[in-house]
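Q: If you count the sequence shown from 1, you need to add 27 to reach the working numbering.
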Amino acid sequence: MTIPLGRHYEVELHASPERVSQIRRIVAAHLRHWNLDPHVDPVCSGIDELLNNVHRHVGADNKCMVELRWTGRYLTAAVSDNGPELPRLPSAGGGGLARLASLSDSWGTCGTVEGKVVWFTRSVEAPENVLRLPTVPVGGTDAAAKEPVPAPTPVPASVPFLATA
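(1) List the residues that DSSP assigns as beta-bridge partners of ALA128.
(2) According to DSSP, is ASP68 part of a helix, a strand, or is it coil?
(3) Would you grab the beta carbon distance between HIS41 and ARG149 for me? Rounded to a whole angstrom, and I think it's under 8 Å.
(4) List the residues that DSSP assigns as beta-bridge partners of ARG96.
(5) Could you tell me which of THR98, VAL151, SER133 and ARG126 sits nearest to GLU80, measuring between CA atoms?
(6) Name the residue from ASN109, PRO114, GLY142 and TYR101 whose alpha carbon lies nearest to the alpha carbon of VAL70.
(7) Hey, could you find the ends of the alpha helix (DSSP H) VAL47 is sitting in?
(8) Could you check what DSSP says for ARG115 in three-state terms: helix, strand or coil?
(9) Return the Cβ separation of LEU33 and THR103 in integer angstroms, given the expectation that the two are a contact with Cβ distance under 8 Å.
(10) Can you check which of these residues, ILE74, SER48, TRP134 and PRO114, is closest to ALA142 by C-alpha distance?
(11) Identify the continuous beta strand (DSSP E) that holds VAL145 and give its terminal residues.
(12) Return the residue from the list HIS57, LEU124 and PRO111 that minimises the CA-CA distance to TRP146.
(13) So VAL54 and LEU95 are in contact, right, with Cβ under 8 Å, and what is the actual spacing, rounded?
(14) Rank ASP75, TYR36 and ARG83 by C-alpha distance to the C-alpha of HIS60 and give the top, closest one.
(15) Keeping to the same chain, check which residues put their C-beta closer than 6 Å to that of ALA119; ignore five residues upstream and five downstream.
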């Protein structure tokens with residue numbers, strides 16, 4: 028399946044409690060715009076956890092960045108901040124990162140020159156109203172010697188497949 032273009036959104040903010048609720052609404056609006064409605068609650072909850080951790084451990088007066096990327100197969104949400112200490116799951120005690128792990132397919136953290144990034148991903152299939160390109164099966168060991176197959180034209184996902192005899 029091919030998505031017309033990858034989707035990307037990022038915003039810089041101070042991790043104050045007021046801004047966390049605003050970012051939740053903005054992220055939810057972007058996910059709905061991308062037709063990813065079933066993922067609004069878990070992704071917003073994960074971002075809430077990360078922003079609240081920034082507020083609690085780094086401080087509300089420090090800037091952080093929230094980033095969303097959807098490739099058509101995976102949705103990645105990341106929060107970067109300038110706090111030097113990397114979070115660890117064992118120290119989470121069942122909250123915070125343990126909750127993030129339960130909301131996602133994978134998560135991680137890495138240090139940066141300015142601080143750190145904490146991210147999580149979810150497997151996200153394209154919604155039904157996104158144009159898809161059918162895949163052309165590989166023709167076997169002699170496929171390279173054959174004429175190239177022309178690129179298929181996009182077909183709306185809501186149009187049923189019609190077999191030809």
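Where a beta carbon is used, it is the ideal one built from N, C-alpha and C, also for glycine. Keep in mind the model is a prediction, meaning the values are calculated, not measured.
A: In terms of the structure at hand:
(1) Start at 1 with the first residue of the sequence shown, and residue 128 comes out as number 101. None; ALA128 has no bridge partner.
(2) Position 41 of the sequence shown, counted from the start, is the residue given in the question as residue 68. ASP68 falls in the helix class under three-state DSSP.
(3) By 1-based counting over the sequence shown, the position of residue 41 is 14. By 1-based counting over the sequence shown, the position of residue 149 is 122. With a Cβ gap of about 26 Å, HIS41 and ARG149 do not count as contacting.
(4) Position 69 of the sequence shown holds residue 96. Looking at the DSSP assignment, ARG96 forms a beta bridge with HIS35 and THR103.
(5) Locating residue 80 in the sequence shown gives position 53, counting from the first residue. Per the sequence shown, the amino acid found at residue 80 is Asn instead of Glu. The shortest Cα separation from ASN80 among THR98, VAL151, SER133 and ARG126 belongs to ARG126.
(6) Start at 1 with the first residue of the sequence shown, and residue 70 comes out as number 43. Cα-wise, what sits closest to VAL70 is TYR101.
(7) Within the sequence shown, the letter at position 20 stands for residue 47. From DSSP, the alpha helix (DSSP H) with VAL47 extends over 44–60.
(8) Translated into positions along the sequence shown, residue 115 becomes position 88. DSSP places ARG115 in coil when its eight states are reduced to three.
(9) Taking the first residue of the sequence shown as position 1, residue 33 is located at position 6. Taking the first residue of the sequence shown as position 1, residue 103 is located at position 76. Per the sequence shown, residue 33 should be read as Gly rather than Leu. 11 Å between Cβ atoms; not a contact.
(10) In the sequence shown, the residue the question calls residue 142 occupies position 115. According to the sequence provided, residue 142 is Gly. The question's Ala does not apply to it. Among ILE74, SER48, TRP134 and PRO114, the Cα nearest to that of GLY142 is on PRO114.
(11) The residue labelled residue 145 in the question sits at position 118 within the sequence shown. 143–150 is the span of the beta strand (DSSP E), which, as asked, contains VAL145.
(12) Here residue 146 is taken as the residue at index 119 of the sequence shown, counted from 1. Here the closest residue by C-alpha is LEU124.
(13) The residue you call residue 54 lines up with position 27 of the sequence shown. The residue you call residue 95 lines up with position 68 of the sequence shown. That belief holds up - the Cβ atoms of VAL54 and LEU95 are roughly 7 Å apart, short of 8 Å.
(14) Within the sequence shown, numbered from 1, the residue matching residue 60 stands at position 33. Here the closest residue by C-alpha is TYR36.
(15) As a first step, residue 119 is located in the sequence shown; it is residue number 92 there, counting from the start. Because the pLDDT at ALA119 is just 48, under 50, the model does not fix this residue reliably, and the value given afterwards should be weighed accordingly. Contacts found: ALA125.
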